[in-house]
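What follows is a set of notes on a single structure, which appears directly below.
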Amino acid sequence: MLAKFFTEVLNPFVLVAALLTFVAWLTDPSWGQTASIAVFFISIVPLATSLVLVRLGKATDKYIRHRTQRHTFYAITLGSILVGAVLVFALDTSTEARWMLVFAVGTMLVVMAFNRRLKISMHSLMAALCAVIFSTGLPYIAVLVMSLIVWAGVSWSRVFLARHSLIEVLSGSVLGSIVAVAFLTVVGGLPSPWECGGE
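According to our numbering, numbering within the sequence shown proceeds without interruption in unit steps and concludes at 212.
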């Protein structure tokens, strides 16, 4: 089923790993080490955490769709992101890669605050964030179209599968877009692929 494809293959753990790797590749000639550390602490550890919570019966699924079950996951994930940020800052890496970690921490805090009262779609948040940054870093019409398809497909799948309401998907999309624009504004845009890491 198409909805399952968008939800499972393009899940937040995959998208954040792709985004971190993309920014490191685009801005840091020695991007491999930066990307590996960032992906481990911001994607792999949170994914492992969610799977353990499911196995322990503390969550219904790896995306933890019930808001009340997310507190432990968010706390562990925030701690992991902070560790990753400290390690990346210790590296001789790009300003953009460091700011990406700062925004990861900030976004996690905002999501945690939202979660106290509301529920937003992390799938849509990450899809929107990736759509803006990928289409900016690779300014080609094909990339823009593909990014929009991914965002629309992921958002549609969450509503179609009854995992989120339309307002939760829209809230996630808006927050993801705001984070992306704020990041690009702070770093002054991204370099062309042939200027740095993409050589």
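Positions of the beta carbon are idealized from the N, C-alpha and C atoms, including for glycine.
Taking 6 angstroms as the limit between beta carbons, can you name the residues of its chain near L1, skipping five residues before and five after? Missing from the structure shown is residue 1; the chain here goes from 14 to 212 and no further.
Leaving out the 5 sequence neighbours to the left and right, which residues in its chain are closer than 6 angstroms to R171 when beta-carbon positions are compared? Taking the first residue of the sequence shown as position 1, residue 171 is located at position 158. These residues qualify, in order along the chain: S134, H136, H177, V182.
Supposed close pair A165, G97 - CB separation, criterion 8 angstroms: Residue 165 sits at position 152 when you count from the first residue of the sequence shown. Residue 97 sits at position 84 when you count from the first residue of the sequence shown. Wrong, their Cβ atoms sit about 30 angstroms apart, outside the cutoff.
Using a threshold of 8 angstroms, state whether the C-beta atoms of G150 and F26 are closer than that. On the sequence shown, position 137 is the one that residue 150 refers to. On the sequence shown, position 13 is the one that residue 26 refers to. Against a cut-off of 8 angstroms, the Cβ pair of F26 and G150 comes out as no contact.
Can you list, in chain order, the residues of its chain with a C-beta nearer than 6 angstroms to that of N24? Leave out the 5 residues immediately preceding and following it. Walking along the sequence shown from the start, residue 24 turns up at place 11. Excluding sequence neighbours, N24 sits near nothing in its chain.
Whole-Å CB distance - V163 paired with A140, under 8 angstroms assumed: For the purposes of this step, residue 163 is identified with residue 150 of the sequence shown, where counting begins at 1. For the purposes of this step, residue 140 is identified with residue 127 of the sequence shown, where counting begins at 1. Indeed they touch by this definition, with Cβ atoms about 6 angstroms apart.
Any 3 or more C-beta pairs closer than 8 angstroms across the region 102-110 and the region 37-57: yes
Go through its chain and collect everything with a Cβ distance to F86's Cβ below 8 angstroms, but skip five positions before and after it. Translated into positions along the sequence shown, residue 86 becomes position 73. Same-chain partners within the cutoff: P59, T62, S63, L66, A72, I77.
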